[in-house]
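Residue numbers (this note's numbering), protein chains in the order written: chain A, 1 to 504; chain B, 505 to 637. Idealized CB from N, CA, C, for every residue including glycine. Everything on this sheet refers to the single structure shown next.
Right, here's the structure in full:
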């Protein structure tokens, strides 16, 4: 191409010949031609007579530009796939080591962007060689050539390398990292499995065994073989279990012994209380006998006196009057005997029955009337409809009687004694209120203690209220005292209502 | 000359029976329902009361207190305790206080008259025969 002047380009040899101007060698412009659609150019040289100057003819030859360009284009290689190609602005290959010259780039429209006037880089999912891979394409227009090309045609350099090759280092790095990551993950998994097998599992079993021990099962031996600290721990744990079993076995034995001892003690206490109640009852009978003496001897004296009078009396009217008195007094004695018969009813004290609380309260009052120094006590009864208490009737009456007797003694035999019964959600309530001097605060705590007494040495053993409390407790009830000095004293009994009878 | 027996008992029927049992004797009954009334009657009739018959259980002043008072204030007037209580301890208590007799009801006429006579005789022994006898 050396010696080719640009002003001649674009003019055909034929045009030069026709012009009639002195013949010169001409280069005709690049054009697309031939069956294979190649870029061709023509060189025309006049052949003249070397001696004269007559034009003998023209030497005219058409050259394929590819032959000139390929040696320039083909050697530019980089990597395994990197190469340069020359294309025109219509997508036709001018020169490419891979594609045939004149063939069209597939899907040219996607690549049109690379054939504009400025060099640069662009990307497309088209490698220009029929593949749809992501491609980074470098491009530059061949400006010098384009100046001599037909109008509307331009050539462009096109640099391409397989994206797989471009990204191979990154891919291999990624692959390496992925592999390393997978390896690390696998290692972690293996370590985790190992940890679970060696550490977590034995600890979980240890936990399970601890739960069994906590649940009271001390007979499961703990067998964990891990040949490490956990096994040591398990052994200590098992030692502890064995110690615990021994200790608990011993403890159970002790508890059993103590329970038996306690039961014996309780039984002994019950026997003592039982005999105390009995003794107290006999003492009450003694007092009663004395009281009965008075109750019966007074009417008896009247009967005797009147009978003597009848014997000596002659006036029929008087004799009749004395007889009537005798009859009246005899009936009075019969009533007293009837009143008291319940108190000494044989065999009754052994039986638990559903006790009518009001009835026992009335009997206790009758007994108090007949027993001791109670001629000048006014009894005020306010008995409500109350249920029964499962108990021995004698004992319930004795409890009431003991409190009433104390009340009468506190009032020194005269005053008002209020007795009331009612029911509320707490069961049966019985209250006995005296108008005595009251109990000093410091004594109130002690009044239910055995042998606590404020009376003289011959007047009582201090067991009355203790027995009251024992009886009431026995039947699931309670007794409380409320007292104010100078304001009298109230004893309040509570019993669970309508308790079912015990099986004895 | 009157011979009185002071009967202190809260039961009117006891007064009546004693009156009946002492009818036909020289004794007349002065009846008191309690210790206070008894003391008043005794003060008013100190010269004519030969014997005091006193119950144990009385309103206001107890039998023991009453007996102690009579023995202190009127040591020459004998006291018979007449009670329904067959109680030895009580009897001892009264006798210690100076009661002459502890009678348990019922007492028949014969025994009562005898006891009153004996007591009255004792009073005579202590105080000497009365001027007009």
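Exercise. Have a look at residue 567 of chain B and residue 368 of chain A and give me their C-alpha separation to the nearest angstrom.
Key: 20 Å
Quiz item: Roughly how many angstroms lie between the CA atoms of residue 332 of chain A and residue 299 of chain A, to the nearest whole one?
Solution: 7 Å
Exercise. Give a yes or no on whether 7 Å exceeds the smallest Cβ distance from residue 334 of chain A to chain B.
Key: no
Quiz item: Which chain B residues are close to residue 305 of chain A, counting only those with a beta carbon under 7 Å from its beta carbon?
Solution: 521, 524, 525
Quiz item: Could you give the C-beta distance for residue 489 of chain A and residue 438 of chain A, rounded to a whole number, given that I count them as a contact under 8 Å?
Solution: 6 Å
Self-check item: Whether residue 507 of chain A touches residue 322 of chain A by CB criterion (7 Å)
Solution: This structure does not reach residue 507 of chain A, given that chain A is present from 1 up to 504, and the question cannot be answered.
Exercise. Per DSSP, which residues does residue 322 of chain A bridge with? Please list them.
Key: For residue 322 of chain A, which the question treats as bridged, DSSP gives no partner whatsoever.
Quiz item: Would you say residue 308 of chain A reaches chain B, if we count a Cβ-Cβ gap shorter than 7 Å as a contact?
Solution: yes
Quiz prompt | Entirely enclosed beta strand (DSSP E) segments - the region 570-604 of chain B, minimum 3 residues | solution = 583-587
Practice problem: Please go through the same chain and pick out, in chain order, the residues whose beta-carbon is closer than 6 Å to the beta-carbon of residue 496 of chain A, but skip the five residues on each side of it. | Solution: 427, 476
Quiz item: What separation, rounded to the nearest whole angstrom, lies between the Cα atoms of residue 255 of chain A and residue 242 of chain A?
Solution: 19 Å
Self-check item: Every unbroken alpha helix (DSSP H) within the region 410-486 of chain A, with a cutoff of 4 residues, ordered by chain
Solution: 441-444, 464-474
Practice problem: Let me know the secondary structure DSSP gives residue 505 of chain A once reduced to three states. | Solution: Nothing can be reported for residue 505 of chain A: it is not among the residues displayed for chain A, which extend from 1 to 504.
Quiz item: Based on Cα-Cα distance, which residue from A:141, A:25, A:354, A:59 lies nearest to residue 159 of chain A?
Solution: A:141
Quiz item: Mind pulling the chain B residues with CB within less than 8 Å of residue 573 of chain A?
Solution: The first residue shown for chain A is 1 and the last is 504, placing residue 573 of chain A beyond what the model contains.
Quiz item: With 7 Å set as the bound, which would you pick, yes or no: does the beta-carbon of residue 294 of chain A sit closer than that to a beta-carbon of chain B?
Solution: yes
Exercise. Specify the secondary structure class of residue 617 of chain B as computed by DSSP and reduced to three states.
Key: helix
Quiz prompt | Beta-carbon proximity check, residue 536 of chain B vs residue 545 of chain B, cutoff 7 Å | solution = yes
Quiz item: What residues in the region 526-548 of chain B bring their beta carbon closer than 7 Å to a beta carbon of chain A?
Solution: none
Quiz item: Are the C-beta of residue 591 of chain B and some C-beta of chain A separated by less than 7 Å?
Solution: yes
Exercise. Can you grab the Cα-Cα spacing for the pair residue 16 of chain A / residue 43 of chain A, in whole Å?
Key: Annotation note: pLDDT 43 at residue 16 of chain A (below 50); position unreliable, coordinate value reported separately. Spanning the two alpha carbons is a distance of roughly 12 Å.
Exercise. List the DSSP bridge partners of residue 608 of chain B.
Key: B:587
Practice problem: Consult DSSP for residue 81 of chain A and reduce its assignment to one of helix, strand or coil. | Solution: coil
Self-check item: Inter-residue Cα distance where the pair is residue 8 of chain A and residue 48 of chain A
Solution: Any reading at residue 8 of chain A is ruled out, since the residue's pLDDT is 38, under 50, leaving its predicted position unreliable.
Quiz item: Closer than 9 Å, Cβ to any Cβ of chain B: which residues of the region 264-290 of chain A, in chain order?
Solution: 289, 290
Quiz prompt | CB of residue 598 of chain B within 7 Å of CB of residue 585 of chain B, strictly | solution = yes
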